[in-house]
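Heads up: the structure comes next, in structure tokens.
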Amino acid sequence: RGGVLDTWLERANDSAYKQTKKAIESGNNIVDIVIEFNQYYKSDTALARAYFERGLLFYYSNQTDSAKKYYQKSIEIALKRDEYKELALAYRQLGIIEQGDKNYQKAIEQFSKSLEYRKALQMRSFDLGNWTSMGSLYW
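All the letters of the sequence shown, read from the start, carry residue numbers 33 to 171 under the numbering used here.
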């Protein structure tokens, strides 16, 4: 091969990879700031969200084991304060990871937990995503 199109695609992929890596590093820096901020101001909500966001960074960089670890940290903190929104988000992401790993029963459990917290919030918009994800497990 080695044609012009191949060279262009290699450069585009390399550029996209570098931009993604830079975005992840920036995101990690922001999360670090929130975690440090929390040492002084003790905002469990912000800390739970920071761990959730770090989980997303790992998820989108295809490091699902690390993502799961940070989602679990987010859940631990959110459970202490009944932060239902954070709990719903983190459990949904865990469900998505389990679904991707073909652990379908675990995925259903995580999506179900997410739905429980969403019901408590009475926010229907998020329910559709959970139901769609769970439905695809049976398809």
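Beta carbons: idealized from backbone N, C-alpha and C, even for Gly.
Query: Span separating the alpha-carbon of Q95 from that of S58; Result: 17 Å
Query: Three-state class that DSSP yields for K100 in the structure shown; Result: helix
Query: Selected residue, minimal CA-CA separation from I129, among D76, Q154, F143 and I67; Result: F143
Query: Whole-angstrom distance between L111 and Y123, CA atom to CA atom; Result: 12 Å
Query: Beta-carbon proximity list for I67, same chain, < 6 Å, skipping 5 on both sides; Result: A82
Query: DSSP-derived helix/strand/coil call for S146; Result: helix
Query: Helix, strand or coil at N135 [DSSP, three-state]; Result: coil
Query: Where N61 falls: helix, strand or coil (DSSP); Result: helix
Query: Y103 CB to nearest heavy atom of the ligand COA below 8 Å; Result: This structure simply doesn't include the ligand COA, nor any ligand for that matter.
Query: Delimiting residues of the alpha helix (DSSP H) encompassing E85; Result: D76 to Y92
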